[in-house]
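Contents: one structure, followed by commentary.
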């Protein structure tokens, strides 16, 4: 039997280590474990990497703990604009959406773009209209309301407008037993974001990338740094063109390149052998991975 | 004196060779020549690559012959949604906008994002509001109306909805006498485009990329293929990690990878020595380049 692997993240740098009390830590670990198990069980039963990555991300979107789907940050105008992407490493096909509102699972809409169109990135009301035509599940604004995120917006508004803090994102990468890979990422953006800003999450090559030849990657952190570094595709190129291992490539991108530019964040990635790398350069990254050989990792602090 | 170079394109594949009568050919060549001269003169006078690339693209945006700015294609809803990006190879900073309306020069708005924000990609009404706050020049819908584009929309509507033809784009890449590089791309999208679709032009790493270490690249063609290939950054990685020349890297990406995937289009690029590569795999690419050593190229057909 071939190895198969799932890795997930629930974002990086968006909460101070001191705020993670023993009680909250328990709740976070339980959520990570459930997201991981939900996706990994699919792989065990012969499911595809694409379905496993999407399923794990949908769990994290549905859980209000994380800044994606239900728990999305409030933007400047006090509503939720969400982005997501998913890429199939076998076919090299990707689907993504940006600035969508009231979509319960943005990653499911990204998957529809992948499956049902020749496009890669649809945005705003156009993307929502496409989802409605295909019976995607929508929710009222109240569904996305969480008291904690609302208080976060008020705190952020008292500081600078459109400041770039709170880097919550969720993501998953998978290798299935057929040797196919996939990556998926979803985010609610940062609190008080303005001007229709789009970050790295829905950008193929920056926040999300998968290619059966080498790896699948999902990023989290200061989106602008990951966009300018073309971070996810850089990991692929360092492996494919320079012969670096998955870990070496992820560490070079996150710990050297992005770190030296002043960016904070991290990434999760898997390679063709089912190795997982969970790399970050900040205080916190919610992360977990599991493979068919029994290798298992889970953590929040470094 | 160091070499310096400007290369420009006015899109690929968006017109059949048979439609380029001798009269129209003359008009196209005059426009290419003027765009090239406008940007190149800046470089001669010690201007920056960033300013030269932006100036050349603004000329092409202002010229209704090309699908960007004034000559933008009509979308499905019969208005113009435009995208643009610009990247500075010295600082690694990029600015981009997508789905903006009534902006006379989308590349100038992208430059404002680069200069005046910490963001990379702003979209839609948010991006327009940002432009208005900074006194960007806007135009009424009538400014963007061209009879030819309107007839093109009617023809496209009679075919399939949201079909993916008409790949008009404009772009410029430059190396200045200080050794700095820049890339800029602007597009009106394809006729009858729908659902808030965004192509490769405003995506850093896909349609636009610049890095003083190796090259500056601007793409044109089937956007979705260039996005999934992360085409512009792939050229950089093939040079930086694998030691390919500029021409070898561009040809591998356009003539092998994108061509084999079924995509049509091309790219213009410059390297640190001021060499220019103008590579495409289709019937038509409007293109020109000029450097300080007197090398000059201009063409439409292969």
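Residue numbers (the numbering used here), protein chains in the order written: chain A, 1 to 302; chain B, 1 to 302. Built from N, CA and C at the ideal position, the CB exists for glycine as well.
Excluding sequence positions up to five before and after residue 229(A), its CB lies within less than 8 Å of the CB of 206, 253, 257, 258, 261, 263, all in the same chain and listed in chain order. Under the Cβ criterion of 8 Å, residue 297(B) is not counted among the residues facing chain A.
For residue 146(A), there is no enclosing alpha helix (DSSP H), as DSSP marks it with neither H nor E. Within the segment 73 to 90 of chain B, contact with chain A at the beta-carbon level (separation under 7 Å) is assigned to no residue. Remark: C-beta atoms of residue 122(B) and residue 197(A) approach each other more closely than 8 Å. Rounded to whole angstroms, the Cβ separation of residue 127(B) and residue 195(A) is 6 Å, and the two are in contact under 8 Å. When C-beta distances to chain B are compared with 8 Å, the residues of the segment 123 to 146 of chain A below that value are 123, 124, 125, 126, 127, 129, 130, in chain order. Beta-bridge analysis with DSSP links residue 6(A) to 174(A), 290(A). Around the Cβ of residue 144(B), a 10 Å sphere holds 16 or more other Cβ atoms; the residue is buried. Using a CB distance below 7 Å, no part of the segment 247 to 258 of chain B faces chain A.
Ranked by how close their Cα comes to the Cα of residue 40(B), the residues 301(B), 293(B), 299(B), 218(B) have 293(B) in first place. Comparing alpha carbon positions, the residue from 30(A), 178(A), 232(A) closest to residue 42(A) is 178(A). Along the segment 229 to 241 of chain A, the positions whose C-beta sits under 9 Å from a C-beta of chain B are 229, 230, 232, 233, 234, 236, 237, 238, 240, 241, read in chain order.
Judged by pairs of C-beta atoms under 8 Å, the segment 236 to 250 of chain A touches the segment 202 to 218 of chain A, as three or more such pairs exist. Using beta-carbon distances, residue 121(B) counts as an interface residue toward chain A, with a partner under 8 Å. DSSP places residue 235(A) in the uninterrupted alpha helix (DSSP H) bounded by 231 to 240.
From the beta-carbon of residue 196(A), the residues of chain B found nearer than 7 Å are 122, 123, 124, 125, 126, 127. Residue environment for residue 134(B): exposed (fewer than 16 other C-beta atoms within 10 angstroms of its C-beta). The criterion of a C-beta distance shorter than 8 Å is not satisfied by residue 129(B) and residue 49(B).
Across the set 103(B), 72(B), 101(B), 86(B), the C-alpha of 86(B) shows the shortest separation from the C-alpha of residue 110(B). Residue burial annotation: residue 79(B) is exposed, with fewer than 16 other C-beta atoms found within 10 angstroms of its C-beta. Here residue 21(A) is exposed. Its C-beta has fewer than 16 other C-beta atoms within 10 Å.
Under DSSP, no beta-bridge partner is assigned to residue 228(A).
Collapsing the DSSP output to three states places residue 50(B) in a helix. Taking C-alpha positions only, residue 37(A) is separated from residue 108(B) by approximately 48 Å. Interface with chain B (8 Å Cβ-Cβ cutoff): residue 265(A) is excluded. Taking every protein chain shown into account, the CB of residue 115(A) has fewer than 16 other CB atoms within 10 angstroms, so this residue is exposed. Within 10 angstroms of the beta-carbon of residue 211(B) lie 16 or more other beta-carbons, which makes it buried.
At a cut-off of 8 Å between C-beta atoms, residue 224(B) counts as an interface residue with respect to chain A. DSSP places residue 250(A) in the uninterrupted alpha helix (DSSP H) bounded by 246 to 251. Neighbours of residue 227(A) across chain B, judged by C-beta separation under 8 Å: 94, 120, 121, 204, 205. Listed along chain B, no residue sits closer than 9 Å to residue 184(A) by beta-carbon distance, the nearest being about 15 Å off.
In the DSSP assignment, the residues bridged to residue 265(A) are 221(A). Residues of chain A whose Cβ lies closer than 8 Å to the Cβ of residue 261(B) are, in chain order, 92. The DSSP-derived three-state label of residue 297(B) is strand. For residue 132(B), the enclosing alpha helix (DSSP H) covers residues 124 to 133.
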